[in-house]
Amino acid sequence: MRIEWLNQESMAGVETSGGVSRRSFMKAGAVAGGGLVLGFFMPGAGRFANAQQPPAKVYEPNAFLHIAPDNSVTVQVNRLEFGQGVQTSLPMLIAEELDADWSKVNGALAPAGDQYKDPAFGIQITGGSGSIAHSYTQYREIGAKARAMLIGAAAQEWKVAPDQIKTSKGTLIGPAGQKATYGAMADAAMKQPVPATVKLKDPKDFNFIGKPTKRLDAKLKSTGKQVFGIDYKAPHSKVAVVARPPVFGAKVAKFDASKAKAIKGVIEVLEVKTDRGGSGVVVVADGYWPAKMGRDALVIDWDTSGVEKVSSDKQLAEYKALAQKPGLPVHKADTSKLAGAAKKISAVYEFPYLAHAPMEPLNCVVDLRPDGCTVWAGSQFQTMDQGAIAATAGLKPEQVVLNTMMAGGGFGRRAVPTSDYLVEAVNIAKVWQATGKKDPVKVIWSREDDIKGGYYRPSHVHRADIGIDDKGDIVAWDHVIVGQSIIAGTAFEPMMIKDGIDVTMVEGMGEPYEVPLNLSAHSVKANVPVLWWRSVGSTHTAFVMETLIDEAAHAAKMDPVAYRKKLLGEKGKRHMAALDLAVAKSGYGKKALPKGQAWGVAVHQSFNTVIAYVVVASVKNGTPKLHKVTAGVHCNQAVNPLTIEAQIQGAALMGLGMTLPGAAITLKDGVVDQQNFSDYTVARMTDMPVIDVHIVPSNDPPTGMGEPGLPPLAPAFANALFKLTGKRLRKLPFDLASA
Numbered sequence: 001m002r003i004e005w006l007n008q009e010s011m012a013g014v015e016t017s018g019g020v021s022r023r024s025f026m027k028a029g030a031v032a033g034g035g036l037v038l039g040f041f042m043p044g045a046g047r048f049a050n051a052q053q054p055p056a057k058v059y060e061p062n063a064f065l066h067i068a069p070d071n072s073v074t075v076q077v078n079r080l081e082f083g084q085g086v087q088t089s090l091p092m093l094i095a096e097e098l099d100a101d102w103s104k105v106n107g108a109l110a111p112a113g114d115q116y117k118d119p120a121f122g123i124q125i126t127g128g129s130g131s132i133a134h135s136y137t138q139y140r141e142i143g144a145k146a147r148a149m150l151i152g153a154a155a156q157e158w159k160v161a162p163d164q165i166k167t168s169k170g171t172l173i174g175p176a177g178q179k180a181t182y183g184a185m186a187d188a189a190m191k192q193p194v195p196a197t198v199k200l201k202d203p204k205d206f207n208f209i210g211k212p213t214k215r216l217d218a219k220l221k222s223t224g225k226q227v228f229g230i231d232y233k234a235p236h237s238k239v240a241v242v243a244r245p246p247v248f249g250a251k252v253a254k255f256d257a258s259k260a261k262a263i264k265g266v267i268e269v270l271e272v273k274t275d276r277g278g279s280g281v282v283v284v285a286d287g288y289w290p291a292k293m294g295r296d297a298l299v300i301d302w303d304t305s306g307v308e309k310v311s312s313d314k315q316l317a318e319y320k321a322l323a324q325k326p327g328l329p330v331h332k333a334d335t336s337k338l339a340g341a342a343k344k345i346s347a348v349y350e351f352p353y354l355a356h357a358p359m360e361p362l363n364c365v366v367d368l369r370p371d372g373c374t375v376w377a378g379s380q381f382q383t384m385d386q387g388a389i390a391a392t393a394g395l396k397p398e399q400v401v402l403n404t405m406m407a408g409g410g411f412g413r414r415a416v417p418t419s420d421y422l423v424e425a426v427n428i429a430k431v432w433q434a435t436g437k438k439d440p441v442k443v444i445w446s447r448e449d450d451i452k453g454g455y456y457r458p459s460h461v462h463r464a465d466i467g468i469d470d471k472g473d474i475v476a477w478d479h480v481i482v483g484q485s486i487i488a489g490t491a492f493e494p495m496m497i498k499d500g501i502d503v504t505m506v507e508g509m510g511e512p513y514e515v516p517l518n519l520s521a522h523s524v525k526a527n528v529p530v531l532w533w534r535s536v537g538s539t540h541t542a543f544v545m546e547t548l549i550d551e552a553a554h555a556a557k558m559d560p561v562a563y564r565k566k567l568l569g570e571k572g573k574r575h576m577a578a579l580d581l582a583v584a585k586s587g588y589g590k591k592a593l594p595k596g597q598a599w600g601v602a603v604h605q606s607f608n609t610v611i612a613y614v615v616v617a618s619v620k621n622g623t624p625k626l627h628k629v630t631a632g633v634h635c636n637q638a639v640n641p642l643t644i645e646a647q648i649q650g651a652a653l654m655g656l657g658m659t660l661p662g663a664a665i666t667l668k669d670g671v672v673d674q675q676n677f678s679d680y681t682v683a684r685m686t687d688m689p690v691i692d693v694h695i696v697p698s699n700d701p702p703t704g705m706g707e708p709g710l711p712p713l714a715p716a717f718a719n720a721l722f723k724l725t726g727k728r729l730r731k732l733p734f735d736l737a738s739a
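As structure tokens, this is what we get:
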């Protein structure tokens, strides 16, 4: 695997605005040990911000930046680090404008706090591939303003003009050779006024941004010394493991805890509220193993009356029937030319529920007290989780301290609008304390709990009818999508459900291709908890779009790359650039592949980033094999190319995982069939193809990178398999035998 990053001529430096109507820049008091401490808050202006109350008063913030007397620089990262690299890339932005010594820079995960809200979303969140995209200017301004204050302090001490002072690697340099480290000048800098405006660097002067940079957390993780949420143990804490209902929302009718209580280390066995109005039984013990053994020994009768019991085969049949009927309109287009089209494509696509299955299952530690609550968790949704914890505990949000812990993956599962696992944990703390106990409780989910625990990527059915004329042009396209809404009933409904349609269900359909798409959708309710999953709606819409466009190219007897470029309109310039780069670097159309191998192509935009894949695949003994992936990436300014390479590798492997046999969550009579990696497939190292990553050069502000690498992988693979087998794959995971 290798990465190639391309440079481009820079643009002029950007003058930033400091208008107080848009943002507040605050100087906090010096922390213990002295030094320069700065905090920054920008009220939300994005789609999620519209659902929030007016920005709360900003209290004394924990700082974003602390320059200590020893010249070390600590940057508070307002996100969750769970593998995507923000604990390195966000400090890079501050270090760039600060002219810091990178060897002295550290990143720390910020707790829940108003000052750490995403500037666009208006809540503290790690999601929507927005970490770099939304904080690019914010973090650079923090660094630039801190640098200006340091220069101001040095100018005052040395009695020279500020413009006579230069900075380099954490050092201030005066016109007569004077020198001072940032650490030595930090206390004096605290007395300087915070500049209203600063001029940010011209990209041609970047020292860090755009340079491949090793991750700050790499050593700890590679040596096993990194403390994740599941590793953390508060003093005197006990471990809690929950027996949850087998059908979502069911309740405990009765239970026998005698055998559980007989196990050494078990302290309490209690009934507790669980998600979706259900209840379960929690075993609290001195450690995880006795708690688990105690749970295994429970005898529970469940009351499943009054809750829907979903079966996947029945649901699929209902979805297919519904797909034959028009749904609520999304895009309207003339379909009258379907009947007389020279060629027609009729297709029904099937997509199952998918579990997030992060390497680290859900966990948290709760220390509940009458006057407050402290929680340690790998939260993607600090603002909403803090509020939910407070409401459950009967406290005010400001009485809740939510410490952000390093997490081992999430893919959306740690960003739940209901805050399900945290609310449950607080309920456990409440019933535990009702017995007279005061120790903190650490709630741990097992792998089985995680797989069966709900909040899946929804299942979907697509029905498409496409008409193509004798010139190969698409003249009509009628399309229906059926699935559950992940937004209905959440705080995001006012912004993200339009005219009855969950916009995440249909995102990625149509554009930027110039096709006459008549699109409608059915939002179905089912007793299966659903949630965003890495790349959200594009997990299924990209597969449908890119395999159908490929099929249309075949019907038109055109090369699939040429056909895509023919359909890309004015909005498709970035698609064109990414596709051209992937094609050029792969050798597509120029070099011959070994016998039994074939090319596959797909390109898709999500979170404002375009990813084009050119893949090489084969089929041996009926089993598909992906050999190589060449990626063309258009994410505008690449902050850390090494992180982008890693994101593409991880997302592509996860996208490949969707195609593997067993990559599906199924239900029978309301009970999830799968329980562990033995019967729920995820991609493994042996499935990993060679992945070459190439980045389109740009100095425009960065776009998202955490999710866009996933959607185009499966369709590119499917398109290659068509060339080898002549079969169009209409469902995930792949099943060549029934295609």
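Residue numbers for the sequence shown follow our numbering, beginning at 1 and rising by one.
Built from N, CA and C at the ideal position, the CB exists for glycine as well.
### Message
By alpha-carbon positions, which one of VAL266, VAL307, PRO212, SER311 ends up nearest to PRO290?
### Response
Here residue 290 is taken as the residue at index 290 of the sequence shown, counted from 1. The residue from VAL266, VAL307, PRO212, SER311 with its alpha-carbon nearest to that of PRO290 is VAL266.
### Query
Do GLU424 and ASP275 have their C-beta atoms closer together than 8 Å?
Here residue 424 corresponds to residue number 424 of the sequence shown, with the count starting at 1. Here residue 275 corresponds to residue number 275 of the sequence shown, with the count starting at 1. Yes; because the gap between Cβ atoms is below 8 Å, this pair is in contact.
#### Entry: Ranges of the beta strand (DSSP E) found wholly within the stretch 397-478, counting only runs of at least 3
400-404, 441-444, 460-468, all fully within the stretch 397-478.
### Query
Since VAL401 contacts PRO111 with CB under 8 Å, what's their CB separation in whole angstroms?
Locating residue 401 in the sequence shown gives position 401, where the first residue counts as 1. Locating residue 111 in the sequence shown gives position 111, where the first residue counts as 1. Sure, about 6 Å apart at Cβ, within 8 Å.
### Query
If you run the structure through DSSP and keep just helix, strand and coil, what is ILE648?
On the sequence shown, position 648 is the one that residue 648 refers to. ILE648: helix per DSSP, three-state reduction.
### Task
Would you mind sorting GLU551 into buried or exposed? The rule is 16 or more other CB atoms within 10 Å of its CB.
Within the sequence shown, residue 551 is the residue found at index 551, counting from 1. Taking all protein chains in view, the Cβ of GLU551 is crowded by 16 or more other Cβ atoms within 10 Å, so the residue is classified as buried.
### Query
Within this structure, are the beta carbons of HIS522 and LEU368 separated by less than 8 Å?
Your numbering for residue 522 matches position 522 in the sequence shown. Your numbering for residue 368 matches position 368 in the sequence shown. Between HIS522 and LEU368, the C-beta gap is not smaller than 8 Å, which leaves the two residues out of contact.
### Message
Measuring only the C-alpha atoms, how far is PRO512 from HIS331?
### Response
In the sequence shown, the residue the question calls residue 512 occupies position 512. In the sequence shown, the residue the question calls residue 331 occupies position 331. If you take the alpha carbons of PRO512 and HIS331, they lie about 14 Å apart.
### Of the listed residues GLY277, ASP286, LYS166, GLY472, nearest to ALA234 (C-alpha basis)
Position 234 of the sequence shown, counted from the first residue, corresponds to residue 234. Distance check between ALA234 and each of GLY277, ASP286, LYS166, GLY472 places ASP286 closest, using alpha-carbon atoms only.
#### Entry: Straight-line gap, PHE25 to ALA133 (C-alpha atoms, nearest Å)
Indexing the sequence shown from 1 puts residue 25 at position 25. Indexing the sequence shown from 1 puts residue 133 at position 133. With a pLDDT of 37 at PHE25, under the threshold of 50, the predicted position of this residue should be treated as unreliable, though the coordinate-derived value follows. Taking the straight line from one Cα to the other gives about 20 Å.
### Query
From the DSSP output, which residues share a beta bridge with ILE300?
In the sequence shown, the residue the question calls residue 300 occupies position 300. Paired residue(s): PHE255.
### CYS743 to LYS261 span [Cα, whole Å]
Look at the range of the chain in this structure, 1 to 739, and you will see that residue 743 is not part of it.
### Query
Taking buried to mean at least 16 other C-beta atoms within 10 Å of its own C-beta, is PRO435 buried or exposed?
One-based indexing of the sequence shown puts residue 435 at position 435. Sequence inspection shows Thr at residue 435; the Pro mentioned does not correspond to that position. By the 10 Å Cβ count, THR435 comes out exposed.
#### Entry: DSSP state of TRP289 mapped onto helix, strand, coil
Residue mapping note: residue 289 aligns to position 289 of the sequence shown, counting from 1. Note: TRP289 maps to helix in three-state DSSP.
### Task
Check whether the Cβ atoms of GLY306 and VAL480 sit closer than 8 Å, and answer yes or no.
Sequence index remark: in the sequence shown, residue 306 carries index 306 (1-based). Sequence index remark: in the sequence shown, residue 480 carries index 480 (1-based). Contact flag unset, no.
### Message
Can you tell me whether ALA56 is buried or exposed? The criterion is at least 16 other CB atoms within 10 Å of its CB, across all chains shown.
### Response
If you number the sequence shown from 1, residue 56 lands on position 56. Annotation note: pLDDT 34 at ALA56 (below 50); position unreliable, no value reported.
#### Entry: Proximity winner among ASP205, ASP231, GLY143, relative to VAL194 (alpha-carbon distances)
The residue you call residue 194 lines up with position 194 of the sequence shown. For VAL194, the closest of ASP205, ASP231, GLY143 by C-alpha to C-alpha distance is GLY143.
### Query
What residue range is occupied by the uninterrupted alpha helix (DSSP H) comprising PRO91?
As a first step, residue 91 is located in the sequence shown; it is residue number 91 there, counting from the start. Per DSSP, the unbroken alpha helix (DSSP H) holding PRO91 starts and ends at 86-98.
### Message
Taking the beta carbon of GLU308 as the centre, do at least 16 other beta carbons fall within 10 Å, making it buried, or is it exposed?
### Response
For the purposes of this step, residue 308 is taken as residue 308 along the sequence shown, with counting starting at 1. Around the beta carbon of GLU308, fewer than 16 other beta carbons lie within 10 angstroms, which makes this residue exposed.
### Query
Using the beta-carbon count (16 or more within 10 Å), is PRO624 buried or exposed?
As a working note, residue 624 is residue 624 in the sequence shown. Within 10 angstroms of the beta-carbon of PRO624 lie 16 or more other beta-carbons, which makes it buried.
### Task
Rank GLY387, VAL682, VAL603, THR666 by C-alpha distance to the C-alpha of PRO715 and give the top, closest one.
Here residue 715 corresponds to residue number 715 of the sequence shown, with the count starting at 1. Distances from the CA of PRO715 to each of GLY387, VAL682, VAL603, THR666 were compared; the closest alpha carbon is that of VAL603.
### C-alpha gap between ALA253 and THR666, whole angstroms
As a working note, residue 253 is residue 253 in the sequence shown. As a working note, residue 666 is residue 666 in the sequence shown. So the two alpha carbons sit approximately 26 Å from each other.
### Message
Whole angstroms are fine: how far does the CA of THR392 sit from the CA of ASN796?
### Response
Since the first and last residues shown for the chain are 1 and 739, residue 796 lies out of range.
### Task
Look at VAL629 and PRO689 and say whether their C-beta atoms are less than 8 Å apart.
As a position in the sequence shown, residue 629 is number 629, starting the count at 1. As a position in the sequence shown, residue 689 is number 689, starting the count at 1. Remark: C-beta atoms of VAL629 and PRO689 approach each other more closely than 8 Å.
### Message
Taking the beta carbon of THR541 as the centre, do at least 16 other beta carbons fall within 10 Å, making it buried, or is it exposed?
### Response
On the sequence shown, position 541 is the one that residue 541 refers to. Classified as buried, THR541 has 16 or more neighbouring CB atoms from the shown chains inside 10 Å of its CB.
### Message
Between GLY453, GLN87, GLN674, ILE67, which has its C-alpha nearest ASP187's C-alpha?
### Response
Here the question's residue 187 lines up with position 187 in the sequence shown. Scanning GLY453, GLN87, GLN674, ILE67 for the CA closest to the CA of ASP187 turns up ILE67.
#### Entry: Proximity below 8 Å, CB of LEU172 to CB of THR88
As a working mapping, residue 172 is identified with position 172 in the sequence shown. As a working mapping, residue 88 is identified with position 88 in the sequence shown. No.
### Task
Compare the beta carbon distance of HIS575 and GLN597 with 8 Å and say whether it is the shorter of the two.
Residue mapping note: residue 575 aligns to position 575 of the sequence shown, counting from 1. Residue mapping note: residue 597 aligns to position 597 of the sequence shown, counting from 1. Not in contact: HIS575 and GLN597 (Cβ atoms no closer than 8 Å).
### Task
Would you give the residue range spanned by the beta strand (DSSP E) that ARG369 belongs to?
Stepping through the sequence shown from its first residue, residue 369 is reached at position 369. For ARG369, the uninterrupted beta strand (DSSP E) run begins and ends at 363-369, by DSSP.
### Query
To the nearest angstrom, how far is it from the Cα of VAL615 to the Cα of GLN178?
For this step, residue 615 is matched to residue 615 along the sequence shown. For this step, residue 178 is matched to residue 178 along the sequence shown. Cα-Cα distance, rounded: 57 Å.
### Message
Quick check on this structure: which residue in MET92, GLY650, ALA720, ARG684 has the alpha carbon closest to the alpha carbon of PRO708?
### Response
Residue 708 sits at position 708 when you count from the first residue of the sequence shown. Of the candidates MET92, GLY650, ALA720, ARG684, the residue whose Cα lies closest to the Cα of PRO708 is GLY650.
### Message
Considering just the uninterrupted stretch of the beta strand (DSSP E) at GLN76, what are its terminal residues?
### Response
Stepping through the sequence shown from its first residue, residue 76 is reached at position 76. Unbroken beta strand (DSSP E) run through GLN76: 73-77.
#### Entry: Strand pairing of GLN138, partner residues [DSSP]
Here residue 138 is taken as the residue at index 138 of the sequence shown, counted from 1. BP columns for GLN138 are empty, so no partner.
### Task
Assign GLY44 to one of two classes, buried (16 or more other C-beta atoms within 10 Å of its C-beta) or exposed (fewer than that).
Mapped onto the sequence shown, residue 44 falls at position 44. Low local confidence applies: a pLDDT of 36 at GLY44 is under 50, so the model's placement there is unreliable, with the coordinate-based value given in what follows. Its Cβ being crowded by 16 or more others within 10 Å, GLY44 is buried.
### Task
Could you round the C-beta distance between PHE255 and GLY408 to whole angstroms and report it? I think they count as a contact, below 8 Å.
Walking along the sequence shown from the start, residue 255 turns up at place 255. Walking along the sequence shown from the start, residue 408 turns up at place 408. For PHE255 against GLY408, the beta-carbon gap comes to about 32 Å, at or over 8 Å, which does not count as contact.
### Query
Ordered along the chain, which non-local residues of its own chain (more than five positions away) have a Cβ less than 6 Å from that of VAL528?
Walking along the sequence shown from the start, residue 528 turns up at place 528. Within the same chain, VAL528 has close Cβ partners VAL310.
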